[in-house]
Structures are given as C-alpha cells and as structure tokens.
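Enquirer:
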Amino acid sequence: MKTICWCGKKATCNARYDDHGIIKEGAQVVLGANDKYIALCRNHFKEGNLGK
0 MKTICWCGKK
10 ATCNARYDDH
20 GIIKEGAQVV
30 LGANDKYIAL
40 CRNHFKEGNL
50 GK
C-alpha cells in the first residue's frame, strides 16, 4: 500500500498524534484509534508538522 504525505511526497512514516502534536512517548500502538495516526514524509515527521 502506497501512501502520500499531506505535501504530496511519498509517506515513509506513520505518526500518532493528539491535540498537541506528535506523540513520541507512551504506548507504541493504540488499537481502535485509526483517526489518531497520519502518514508523513520523513521531513514533516522530523519537524513534527502535521499539516493542520
């Protein structure tokens, strides 16, 4: 399955997020929370830019 970042580039990272941005601590996977993940390119993942 191919995915694209919000900027149009190839998405290579999946980020879990909440109202404050990307979550980098805590549980690695949250089941039943599909709306809390976003596919990002490497640059936006490193920047923490969700495009919102």
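Using numbering that gives the first Met the number 0, the letters of the sequence shown map in sequence onto residues 0 to 51. Positions of the beta carbon are idealized from the N, C-alpha and C atoms, including for glycine. Predicted model only: the values in this text are computed from it and were never measured.
Taking the alpha-carbon positions, what's the I22 to G7 distance?
Expert: Residue mapping note: residue 22 aligns to position 23 of the sequence shown, counting from 1. Residue mapping note: residue 7 aligns to position 8 of the sequence shown, counting from 1. The alpha-carbon atoms of I22 and G7 are separated by roughly 23 Å.
Enquirer: Would the beta-carbon of A14 fall within 9 Å of that of I3?
Expert: Translated into the one-based positions of the sequence shown, residue 14 becomes position 15. Translated into the one-based positions of the sequence shown, residue 3 becomes position 4. Against a cut-off of 9 Å, the Cβ pair of I3 and A14 comes out as no contact.
Enquirer: By Cβ distance, which residues of its chain are closer than 7 Å to I37, with the 5 residues on each side in sequence left out?
Expert: Here residue 37 corresponds to residue number 38 of the sequence shown, with the count starting at 1. Taken in chain order, the residues that qualify are A14, Y16 and L49.
Enquirer: Nearest to K51 by alpha carbon, out of W5, M0 and K1?
Expert: What you label residue 51 is simply residue 52 of the sequence shown in a count that begins at 1. Ranking W5, M0 and K1 by Cα distance to K51 puts W5 first.
Enquirer: Decide if H19 is buried, meaning its Cβ has at least 16 other Cβ atoms within 10 Å, or exposed.
Expert: Within the sequence shown, residue 19 is the residue found at index 20, counting from 1. Counting Cβ neighbours within 10 Å, H19 comes out exposed, since fewer than 16 surround it.
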